[in-house]
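S.K.: Quick note on numbering: this note's numbering labels position 62 of the sequence shown as 45, and the sequence is numbered without any gaps.
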Amino acid sequence: MADYVTYLLAGKITFTGPLSDLLDRYLLIKGGPNDLTAAIKATLIGLQESPVGFSGVWPADQAAMLPDNMIQEPVDLETLMIAFGKGGHPHA
């Protein structure tokens, strides 16, 4: 596991610094199908939907706008990179 990372998007550095600083900026959120509002969908990075719900990466500084029933978990580097790679728009 890296201690220091640099994330490039379209050839530009969007983040460089300690891994913990990058991971602290995001959460993995999960909810049921009825929890996915247009506002949540617009902010989620790497949205994954299924018949039983959804998951995606969420900016940690916007956690207060999530409903209380939404599951919030720490994100790991692999999940974050996959979400960014799906064309998500990192808020780094």
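Ideal Cβ placement from N, Cα and C applies to all residues, glycine included.
Run through DSSP, which three-state label would residue 6 get?
M.R.: helix
S.K.: Give the DSSP-derived three-state secondary structure of residue 26 in the structure shown.
M.R.: helix
S.K.: Reducing DSSP to helix, strand and coil, say where residue 60 ends up.
M.R.: helix
S.K.: Measure the C-alpha to C-alpha separation of residue -12 and residue -1 and round it to an integer number of angstroms.
M.R.: 6 Å
S.K.: From 7, 34 and 43, pick the residue whose C-alpha is nearest to that of residue 19; which is it?
M.R.: 34
S.K.: What are the boundary residues of the beta strand (DSSP E) that residue -12 is part of?
M.R.: -13 to -8
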